[in-house]
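Participant: Below is one structure. I have some questions about it.
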Amino acid sequence: MPFAIILAAILAQSSAMDARKPVGLQLRAVPYHTTVHLTWPETGAPGYAVLRSTVGAGSSPEVVRYSAKGDLTDYGLMPGVEYSYRVAPLDQAGLMSEAWSPEVRVRTGVSAQNLLRVTTHDLLYVIYTGGMSQAEVDRLYNGVVRDGREFYWRNSLLRYNLNVVPMIIPTYPPDTSGPTMANIEADLRARGVQNNQYDGCFVTGNNLSGCYGGFVILGQTASAYARVCGVPSQYEGKNDTDPTVVWGFTHEFGHALDLVLCAYSGHPEMLFNHFPWAYPLPPGILFDAGPHFDGMGEVLRVYNAYHDFLAPWDGYIEVVDADGDGVPDDDPRVPIDEARFGSSPASADTDSDGLSDFDEMCAGRYAGSNPNVQDTDGDGILDGQDPWPLVRMAPVLWQATSDPAMDGDADASYEWLSDGFVFSKDPTLTMQVRACWRPDALYLHFTSNKSVRVWICLDGSAENGRWDSGGKFAENGSLYSDTAYGDSYIEDGVLIAEYGVPTVRKRSSSIAGSAVSYKQSGGQYLFEVKIPTALGPGDSYSYFRQNDPLINGISLFSGKQLGFNFTVATRSSSSTSQYSGSWATAGEIYSSYDVMLMDRAATIRGVVAMQQCMNPEGHTALLEFRDPGTTRVRAMLPITLDDGAQYEAVGAPSGTFDLAVKFQHHLRRVSPNRTLIAGMNYVDFLQINGDADNSNSVDIGDLNAVLTRFGIADPVVDLDCSGEVALADLNIVLLNFGRVGDP
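Counting in this note's numbering, the sequence shown runs from 282 upward without gaps.
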């Protein structure tokens, strides 16, 4: 039935509402600044009509929107205005029943303080259940309502929220061959779905023709469908979800987002999620990502116009964010909030590890780090200093002074690079990776409790991601084809090394100059791998520019970054196809982790002036080597002060870094842009005292710490190092009150 006819019928009925006794639904309204959240008990009706009027303005009730469930957020309201609401169920034809709810009046707030506005789109999720068991339907439900929705939320950096409304239809879907969604559109209309009732629509079911996105149906509803198009993923570890539909939704609704919702709103810059056809990238965008979920996650992260959708896609909600950290406190309308995440709504950094609750929630593609544990992955690096809080991967790969012996043993040339798995189908499998490099080869040493096959995912242009090599290597001499190769060895160019096979392979062929040595020792399987720099072409489908240099593999030198990940499976359970058997990944699947090559050539000496500390001898700290202008830590060395407050750090990396140091109860100080050369270097630091609670600021917390420990020999709060917390320590806090350390 046309929308105009329904609207006329509703208004005709509403004019007689006051003559009827209000019956039926009990409406609840929660006001915010420019929104009102409405809820009511569901009756099993196909939908509901919500009417609104402005109290005291003499306005007639108007239809706000239709809702398929007992939950609706009315947006775009005026602050400080009183509104009246009523709701009534609709029948299958979209006509209103007589059971209007009693009127509810509510006034919007005059201030937006402690409120966060979140762009929210209503998504109709249609599951045609023909040929499915209830267990399959449940898995499809979770694949979008829980997992796909959460993926969009986390990777949009909590800027894009999908209000998913499921519709279960107990039959096979209409024909979509073409591809087309015209037949699905007609079916949904017949079931009472109105034009523009939803911002988006995603359909799944057996016998759909392929997987496609970017349709416009039901007025201006951006739509997609998928059932069979899947990729390996960490969602395979969940027994209650359908991993195929998680990817089908994530990818194909991504096209509804980029081709319709963003493009029609005047923002065509959202990246097309087929690579490398999104290249050349718009100015200012760095796309450091791999394929599939990793690439789609980065698409959502680098897009910056979620606040600017045009009507009818301009919906949003307002949520409470008391500590202003960008994370909603407790609101079931978003996929994750502080209450469900376990962080505190009263603190922007619940565990004081230097990583905010917001950054903890967005730490990974599929999951956040732990907001109540300072070192989530247990690698000895606090989350706030760890470039990858979820992944046990060293930020630095050190140069060896000579070539390793290649005898299967990990000699002194090797240092720890990675251990453990972010995801594993085999909970009994263990593996540690040690590594080093020489100018002509990369060396890896694997220790495992089983005979394994390892897919070495290596990105030679780590700073540019999988798709942009910064060089070119022609396939069949065609430099500018879509199948030109780059220096990324991930998907079709992944390197394979395994226990018992003497060479590294790529595309089933041995790599010239590679070697694998292996042995068993103490119940462990050891194998040592040499990967030469002359690797030949890597992955296909890499973007390059005409003036990019020709490349033939990877280059290794101090200051260079390589991207690493490792996929592992027992040889007995797998084939040479990646993600076969009971596979595990050292990092999140498809992601690469940038590791800097360094040469231990420098020594640093200096003096640390510890303000108001009577006895600096024996004080220790970690000297951090950071990428200039960032807080990304590339290496750390422990330093200890002598009786003259001097330190010496031997084996420091050469290169240009920001040097950061924070001693106990002092503020962090950064010496920026220091170039360290082979030999001796001198760097001094001034440390400002008073940070008794180690928060990197001198504030009320430090004052409380001193007062509660007053008169006690507590070295943590003994700021002047006198042996007792006394008046002098209180004076230090007062002297520096309000000071904040460098990030």
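In this text, a Cβ means the ideal position worked out from N, Cα and C, and glycines have one as well.
1) Answer yes or no: does any C-beta atom of chain B fall closer than 7 Å to that of VAL474?
2) Name the one or two DSSP bridge partners that MET1033 has.
3) Please classify CYS482: does DSSP put it in a helix, a strand, or coil?
4) Going by C-alpha to C-alpha distance, which of PRO613, PRO454 and ASP773 sits closest to LEU353?
5) Could you give the first and the last residue of the continuous beta strand (DSSP E) run that contains THR851?
6) Suppose contacts are defined by Cβ-Cβ distances below 7 Å. Is ARG309 in contact with THR320 by that definition?
7) Find the nearest neighbour of PHE966 within the set LEU698, HIS947 and PRO447, judged by alpha-carbon distance.
8) List, from N- to C-terminal side, the beta strand (DSSP E) runs of 3 residues or more that fit wholly inside the stretch 530-603.
9) Between THR884 and the rest of its own chain, which residues show a CB-CB distance below 8 Å, the 5 nearest in sequence each way excluded?
10) Quick one: Cα of ALA369 to Cα of PRO342, how far?
11) Can you say whether ARG386 is buried or exposed, counting buried as having 16 or more other CB atoms within 10 angstroms of its CB?
12) What would DSSP say about TRP321, mapped onto helix, strand or coil?
13) When you compare only the Cα positions, how much space is there between GLN415 and GLU466?
14) Taking the straight line between their C-alpha atoms, what separation do you get for TYR743 and ALA916?
15) Roughly how many whole angstroms lie between the Cα atoms of ASP656 and MET877?
16) Here's the rule I'm using: 16 or more other beta-carbon atoms within 10 Å means buried, otherwise exposed. How should VAL889 be labelled?
17) Just to confirm the assignment, what range does the beta strand (DSSP E) spanning ILE450 have?
18) What's the call for VAL311, buried or exposed, on a 16-neighbour Cβ count within 10 Å?
19) Using alpha carbons as the reference points, say which of GLY494, LEU499, ASP523 and VAL512 lies closest to HIS536.
20) Is the number of C-beta pairs between the stretch 578-596 and the stretch 434-443 that are closer than 8 Å three or more?
21) Give the DSSP-derived three-state secondary structure of GLU363 in the structure shown.
22) Less than 7 Å between the C-beta atoms of LEU1000 and ASN970, yes or no?
23) For the structure I just gave you, are there three or more beta carbon pairs, one from the stretch 609-627 and one from the stretch 494-503, closer than 8 Å?
24) Only counting the same chain, and skipping five residues up and downstream in sequence, which positions put a Cβ closer than 6 Å to that of GLY844?
25) Leaving out five residues before and five after GLY887 in sequence, what residues of the same chain have Cβ atoms less than 8 Å from its Cβ?
26) Helix, strand or coil: which one does DSSP assign to ILE812?
27) Please report how far the alpha carbon of LYS302 lies from the alpha carbon of THR316, in whole angstroms.
28) Measuring only the C-alpha atoms, how far is ARG852 from SER625?
29) With burial defined as no fewer than 16 other Cβ atoms inside 10 Å of the residue's Cβ, what is the status of ALA471: buried or exposed?
30) Does DSSP classify PRO720 as helix, strand or coil?
31) Cutting at 8 Å between CB atoms, please list the residues of its own chain near ASP980, excluding the five before and the five after it.
32) Nearest CA to the CA of SER683: which residue from ALA349, VAL425, ASP880 and ARG388?
33) Inspect the CB distances between the stretch 631-651 and the stretch 679-694 and report whether three or more fall short of 8 Å.
34) Which residue or residues does DSSP assign as beta-bridge partners of ASP939?
35) What first and last residue would you give for the alpha helix (DSSP H) that runs through TYR422?
36) Who are ARG309's beta bridge partners in DSSP?
Facilitator: For this structure:
1) Considering every chain present, this structure includes no chain B. It has just one protein chain.
2) This structure leaves residue 1033 out entirely; the chain is present only between 282 and 1024.
3) For the purposes of this step, residue 482 is taken as the residue at position 201 of the sequence shown. If DSSP states are grouped into helix, strand and coil, CYS482 belongs with the strands.
4) The residue labelled residue 353 in the question sits at position 72 within the sequence shown. Measuring from the Cα of LEU353, the nearest candidate turns out to be PRO613.
5) Translated into positions along the sequence shown, residue 851 becomes position 570. First-last of the beta strand (DSSP E) with THR851: 842-851.
6) One-based indexing of the sequence shown puts residue 309 at position 28. One-based indexing of the sequence shown puts residue 320 at position 39. Yes, they are a contact pair.
7) In the sequence shown, the residue the question calls residue 966 occupies position 685. Of LEU698, HIS947 and PRO447, the residue nearest in Cα terms is HIS947.
8) 597-601
9) Locating residue 884 in the sequence shown gives position 603, counting from the first residue. Excluding positions up to five away in sequence, the list reads GLU929, ALA930, VAL931, GLY932, ALA933, GLY960, MET961 and ASN962.
10) Numbered from its first residue, the sequence shown carries residue 369 at position 88. Numbered from its first residue, the sequence shown carries residue 342 at position 61. Going from the Cα of ALA369 to the Cα of PRO342 covers about 13 Å.
11) In the sequence shown, the residue the question calls residue 386 occupies position 105. Label assigned to ARG386: exposed.
12) Taking the first residue of the sequence shown as 1, we reach residue 321 at position 40. Here TRP321 sits in coil by DSSP.
13) Walking along the sequence shown from the start, residue 415 turns up at place 134. Walking along the sequence shown from the start, residue 466 turns up at place 185. Looking at the two C-alpha atoms, the distance is approximately 25 Å.
14) The count along the sequence shown starts at 1 and reaches residue 743 at position 462. The count along the sequence shown starts at 1 and reaches residue 916 at position 635. The identity of residue 743 in the sequence shown is Ala, whereas the question assumes Tyr. So the two alpha carbons sit approximately 18 Å from each other.
15) Along the sequence shown, read from residue 1 onward, the residue named residue 656 stands at position 375. Along the sequence shown, read from residue 1 onward, the residue named residue 877 stands at position 596. So the alpha carbons of these two residues sit roughly 21 Å apart.
16) Taking the sequence shown and counting its residues from 1, one reaches residue 889 at position 608. Per the 10 Å Cβ criterion, buried.
17) Within the sequence shown, numbered from 1, the residue matching residue 450 stands at position 169. Where ILE450 is concerned, the enclosing beta strand (DSSP E) stretches over 441-450.
18) To locate residue 311, count along the sequence shown from 1; it is residue 30. VAL311 should be labelled exposed.
19) Within the sequence shown, numbered from 1, the residue matching residue 536 stands at position 255. Between HIS536 and the set GLY494, LEU499, ASP523 and VAL512, the nearest pair of CA atoms involves GLY494.
20) yes
21) The residue given as residue 363 occupies position 82 in the sequence shown. Correct three-state label for GLU363: strand.
22) Taking the first residue of the sequence shown as position 1, residue 1000 is located at position 719. Taking the first residue of the sequence shown as position 1, residue 970 is located at position 689. Yes, the pair counts as a contact, with Cβ atoms nearer than the cut-off.
23) no
24) The residue labelled residue 844 in the question sits at position 563 within the sequence shown. Contacts found: ASP740, ALA743, SER873 and ASP875.
25) Sequence index remark: in the sequence shown, residue 887 carries index 606 (1-based). Cβ neighbours of GLY887 beyond the five flanking positions: GLN927, TYR928, TYR963, VAL964, ASP965 and PHE966.
26) Along the sequence shown, read from residue 1 onward, the residue named residue 812 stands at position 531. Here DSSP, grouped into helix, strand and coil, assigns ILE812 to strand.
27) Here residue 302 is taken as the residue at index 21 of the sequence shown, counted from 1. Here residue 316 is taken as the residue at index 35 of the sequence shown, counted from 1. With a pLDDT of 39 at LYS302, under the threshold of 50, the modelled position of that residue is not reliable, and the figure given next carries that caveat. Roughly 28 Å separates the two Cα atoms.
28) Reading the sequence shown from its first residue, position 571 is the one you call residue 852. Reading the sequence shown from its first residue, position 344 is the one you call residue 625. So the alpha carbons of these two residues sit roughly 45 Å apart.
29) For this step, residue 471 is matched to residue 190 along the sequence shown. With fewer than 16 Cβ atoms within 10 Å of its Cβ, ALA471 is classed as exposed.
30) Residue numbering aside, residue 720 sits at position 439 when the sequence shown is read from its first letter. The answer is coil: DSSP assigns PRO720 none of H, G, I, E or B.
31) As a working note, residue 980 is residue 699 in the sequence shown. Within the same chain, ASP980 has close Cβ partners PHE1018 and GLY1019.
32) On the sequence shown, position 402 is the one that residue 683 refers to. Looking at the Cα atoms, ASP880 is the closest of the given residues.
33) no
34) Within the sequence shown, numbered from 1, the residue matching residue 939 stands at position 658. ASP939 pairs with ARG907.
35) Walking along the sequence shown from the start, residue 422 turns up at place 141. Where TYR422 is concerned, the enclosing alpha helix (DSSP H) stretches over 415-423.
36) One-based indexing of the sequence shown puts residue 309 at position 28. DSSP lists THR320 as partners of ARG309.
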